[in-house]
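Heads up, the thing below is written out as structure tokens.
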Amino acid sequence: MHTCDYLREIQYFDHFGNPSLHISHGFTPYKTDLLTLQEYDGINRESKLWLPVAESTGGGAFLPSAEVSEAVCKASYYEKDSSPFSYPEYDSSSLNRIVKKYGPGVAWQNHPVKTDVLTNIERKNAVDRVDSCFIVCRYRIKNDSLVCAGEYDAGTLEVVRAIDEDNHVSYEFKDKAGRIVLVRQSDDNQLSYDTYHVYDNYGNLCMVLPPMAADYFFDEGEWSETAPVLQQYAYIYHYDKYNRCIYKKLPGCDPVYTVYDAADHPVFTQDGEQRERNEWSFSIPDAFGRTVLTGVCTNTLDYVSNSLDTIVVYADWAKEENGLKGYQLKGVTLESPCLLSANYYDHYEFLGKNGIPNDMTTVYVEETGYGKRNAGGCKGQLTGIWTSLLSARPGTFTYSVMYYDDRYRIIQQRGNNELGGTEIVHTAYNFSGNPLEEKRIHTFPGTGPTVELHRHTYDHANRLLKTSYQLNDNTPIVLVDNVYDEIGRLKTDKRNGVYELRTDYAYNLRSWIKGINGPLFNQTLNYQETLEGTTPCYNGNISRMCWRSGENGMATVIDPQEKGYSFTYDGLSRLKDAIYGEGTNLKQNRNRFNEQITGYDKMGNILGLLRYGQTGTDSYGLVDNLNLIYHGNQLQSVYDNATNSVFGNGMEFKDNVNETVEYEYDKNGNLAKDLNKKISEIQYNILNLPSHISFADGSSIEYEYAADGRKVRTTHTINNNVTSTVYCGNAIYENGSLKMLLNEAGYYSFQDNKFHFYLKDHQGNVRVVTDEAGNVDEVNDYYPFGGLMSNGCNNVQPYKYNGKELDQKGGLDWYDYGARMYDATLGRFMKTDRFLEKYVSLSPYQYGANNPVNNIDINGDSIWYTLNDNIVTMHVAAKIFNNSSDNINMKRAAKDIVSDIKSTYEGEFEWSDGKTYNLKVDMDLKVVTSMKDVESADHLFVLADSDGEGARGVTSMSGGKVMTLASRDFANNNLLSNNLSHNNTFTATHEFGHAAGLLHSKNPFNIMKQGGVFHNSNSTQRKVMLQQQYNINRGSNSLNYMNRKIPYPYVHYDNNIVDVYSLGLKWR
């Protein structure tokens, strides 16, 4: 390999072995070095951490601290700020606790994040309101009932009080076992929002009382878990004798039962709607724990007595034609099974069987320029997928076959599509595993093939520079043309070489976007700046947003009048007021499009909403004055006291009835009836996705999904007019004709045979749509919660807020977020959040934690993903704990692990919609010295002693939360050792791949190669990680053993459960 074909990471250490100067040699877009300086105080504690700076140091040579800090202060991309560093302030104890953390920027030097470690008190000792914040109720479980046994004795709980940059206070209370007992927040009115966690004698979480529930049960007493308030708000869990959760009752939903086999596989589950149908869902693994069959059946099961307790259930490949797609079950018989999906691994023997043909649609055909199929086999790889379509058309399904090169990257994928045609994708890669070319061949019966060719180029640090796109034999067009600033932030995005389609990005020194500027769309965001009519926000909330957009049909004219909102928030960072204005300081045309929340309940359900809008050609006023009534978290009725109606194509709430109950829900918490939209019934499929919407006038909407959650068809029957829309990846058909092809920059329209581009704001909201010459087709202005303002713009395509499809037919006005539908006029989703257990203090129907200006629909977990434009960010919240006898510099170990995970897994991949995305890793890995500091949601790295013969590392299960690592890989990094060699982070990064859902690879150059040494991943693995996002965060990270919280000690593998000790890894 030539010396210019790789990147060097250089770490310099001070005299005490602390990592002080890190240099990414030649990393910047201009091939200069990127330097990060960490300073230490006089007693060897971390002090100033300087922002990265681009410098030409001559081959990665060391620079003195004074020179680095001076360069950072002079950097124009940090606005020459005099305080471009963060630093902690410690207490005066020997524990060296951080009590204040100052962020970078002179504006933040008087606004630190403060942390205090305190203890609880008893009510009799409380003398004021501040003292009352430290009083905690003591709950326990008795025979499935909740018991309040008074208060915790003084001094028995550890309290961490956190105060953010805007002086918002929160408290976290932990007991002596390190379990979170209470999380308490305060709003502007000093009201407490309490979320209690209640455990059984084994340390299992049995009940969560969110704020609305906690307010009911503060007096001593005993309540059955069937009490109405608990049924409406509480999270309730029951466990079997092995401490496995077999009963889960979520707020407003009937309980979900789970039946496990002897290997702890959750084989059967049943929700409330399934109980009505005497139906169970099943998930069957193969002998290696990989899910191969999913579906529903009519078995008679008892989740309490559990007949599978001593049986291991798995599926063997039987090489035959049968109702289970060639598999044979061991340990159980399925009654009346209806198969939803089948996965095939390690072979292609499934071709020609069970509906998957063995012909040109599935058989590998070498394509010049796209690599060669691996002659050594495909062990450990997913080779085929069979997926049922959940529709009124029985027996319909799709299939896909994957072929790999010798580095186990997918180079060819073949299968059918929803219309009976074929889908073939060829992919070529560079050495780093990034896709260089993708050729997608799409066919529809009776027509010729549609061929799409993407070509990508990258810089020396694998940053995407350009993406060109060619449709059939047409002239290629440039979709992406990126320019980066000195430290690697996106500076300019140019499209098709057209000036009007250029976008420039500006950042503050914290790399928060402050400006998006182009000829046809400008946006300015303010945070902590002192501006007339705004309240500065230091915690990251946006205080003001201004924009200007292009005018319809014009290529170079932008609206001369700036529009914008000034925002205010409550103490929980929930949006209160969005005050609209225009012109300088937004003083003109004030209040025309205000959106104001007049009240929330303690779960974040909106109680009152005022919305102003256009009421006539030249008139504006109040169009919504909503009063929302709830039963628990579920909306019961809405009353609109406004007399005006919106003008034009703006969105408003339609109050069509005046009933006590206007909304109804099914047993799984899905909206089943909406009388205000004249919806008489909503039916759902097995995935809790809508299948049929019936309107009172006889109109209807039918949805067809694949069993993996993909929407494949929508049929609107409105006033006897039928419109059918079919989604084949990125190809959209309407009434049988190909309408548009989506791509990463917009879409190609077959109605005018032109490319069209999206210009988006900071949240990925489509603001302007243009044609390929830069002529404006569509302009969208949004209320903060996503409703469209009345602005007379053309409505040429359906993708709007957050880039989501807006369905307005029949007056539906719902955004399709994939997993659930969103009503922007109410600021609510129509079904519960699938991650609601990670946000137990919030309503499962709320949108973006009621902060729509800063947040996009939140997914929550210790690993979760967010999407902003074409950037997919994998967020990781994790802890690392040294449970070995070695003296290890844990801060250095944590930094090295994070650095390696980022450099290994970041990069591009192509998603099933045909678009290319860039995966980024945002990882927060904190060092803890006790398991008390590990929360149940955390991923956990545990360093353990090893005998030198056993495993170097193991993960608790595929998609599990605990990664146990041999401490010998880190043992030479301690302060007293003369050996300052770099930490061996391969195993940690490899095991993290398993936690993120990856299997072993046979590619010797891949990070997932067992016993390998190379830190490389490929685009296929990045795609798999995203696909696996709902199959990760599995299991517990801890166990209570003899009244002591320990890391979870077991490994689930190959239908067996073993402890880490048997694998040669030992804890203190």
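With the first letter of the sequence shown counted as 1, position 809 gets the number 809 in the UniProt record's numbering; the numbers rise by one all the way through. Cβ coordinates follow ideal geometry from the N, Cα and C atoms, glycine included. Since the structure is predicted, the reported quantities are computational estimates derived from the model, not experimental observations.
The shortest CA-to-CA distance from residue 486 to any of 414, 507, 195 and 109 is the one to 507. Fully enclosed beta strand (DSSP E) runs of no fewer than 3 residues occupy 907 to 910 and 916 to 928 of the segment 903 to 932, in order along the chain.
For the pair residue 1002 and residue 372, the CB atoms are not nearer than the 8 angstroms cut-off. Distance from the CA atom of residue 809 to the CA atom of residue 252, rounded to whole angstroms, is 30 angstroms. In the structure shown, residue 707 falls within a coil segment according to DSSP collapsed to helix, strand and coil. Judged by DSSP secondary structure, residue 276 falls outside any beta strand (DSSP E) and instead within the alpha helix (DSSP H) spanning 272 to 276. For residue 651, the closest alpha carbon among the candidates 900, 615 and 499 is that of 615. In this structure, the straight-line span from the alpha carbon of residue 658 to that of residue 639 is close to 7 angstroms. For the pair residue 74 and residue 86, the CB atoms are not nearer than the 8 angstroms cut-off. Listed in chain order, the beta strand (DSSP E) elements of length 3 or more contained wholly in the UniProt domain "DUF6443" (3 to 112) are 8 to 13, 19 to 25, 33 to 40, 46 to 50, 53 to 55, 85 to 90 and 98 to 102.
Counting the other Cβ atoms within 10 Å of the Cβ of residue 41 gives fewer than 16, which makes it exposed. Between residue 635 and residue 193, the C-beta spacing is not below 8 angstroms.
By the criterion of at least three beta-carbon pairs nearer than 8 angstroms, the segment 823 to 840 is not in contact with the segment 744 to 753. The beta carbon of residue 711 is closer than 6 angstroms to those of 705 and 727 in its chain, skipping five residues each way along the sequence. For the options 45, 31 and 51, the alpha carbon positioned closest to that of residue 57 is the one of 31. Look at the segment 330 to 394 and you find these whole runs of beta strand (DSSP E), each 3 residues long or longer: 338 to 346 and 378 to 390. In the pairwise beta carbon analysis, the segment 179 to 195 is classified as not touching the segment 1019 to 1034: fewer than three pairs are separated by under 8 angstroms. Inter-segment contact for the segment 255 to 268 and the segment 304 to 312 is present: three or more beta-carbon pairs are separated by less than 8 angstroms.
Listed in chain order, the alpha helix (DSSP H) runs fully inside the segment 206 to 274 are 211 to 214 and 228 to 233, counting runs of at least 4 residues.
Pairwise C-beta distances place the segment 515 to 522 in contact with the segment 764 to 771, as three or more of them are shorter than 8 angstroms.
If you keep only unbroken beta strand (DSSP E) runs of at least 3 residues inside the segment 625 to 693, you get 634 to 640, 663 to 665, 671 to 674 and 679 to 684. Taking a cut-off of 8 angstroms on C-beta distances, the segment 335 to 346 touches the segment 380 to 388, as three or more cross pairs fall below it. The three-state reading of DSSP puts residue 418 in coil, since its state is none of H, G, I, E or B. Around the CB of residue 643, fewer than 16 other CB atoms lie within 10 Å, so the residue is classed as exposed. By the criterion of at least three beta-carbon pairs nearer than 8 angstroms, the segment 279 to 289 is not in contact with the segment 235 to 244.
In the assembly as shown, residue 184 is a buried residue. Its beta-carbon has 16 or more other beta-carbons within 10 Å. Remark: C-beta atoms of residue 207 and residue 236 approach each other more closely than 8 angstroms. Residue pairing of residue 160 in beta bridges, as defined by DSSP: 117 and 172. The alpha-carbon of residue 496 is positioned some 39 angstroms away from that of residue 877. By the C-beta density criterion, residue 178 is buried, having at least 16 other C-beta atoms within 10 angstroms. DSSP, read as helix, strand or coil, puts residue 194 in strand. In the three-state scheme derived from DSSP, where H, G and I count as helix and E and B as strand, residue 140 is classed as strand. Listed in chain order, the non-local C-beta contacts of residue 619 below 7 angstroms within the same chain number zero, local neighbours out to five positions each way being set aside. Counting along the chain, the unbroken beta strand (DSSP E) around residue 749 starts and ends at 746 to 749. Of the candidates 50, 78 and 187, 50 places its Cα closest to the Cα of residue 67. Taking residue 492 as the centre and dropping the five residues before and after it, the same chain places the C-beta of 483 and 504 closer than 6 angstroms to its C-beta, in chain order.
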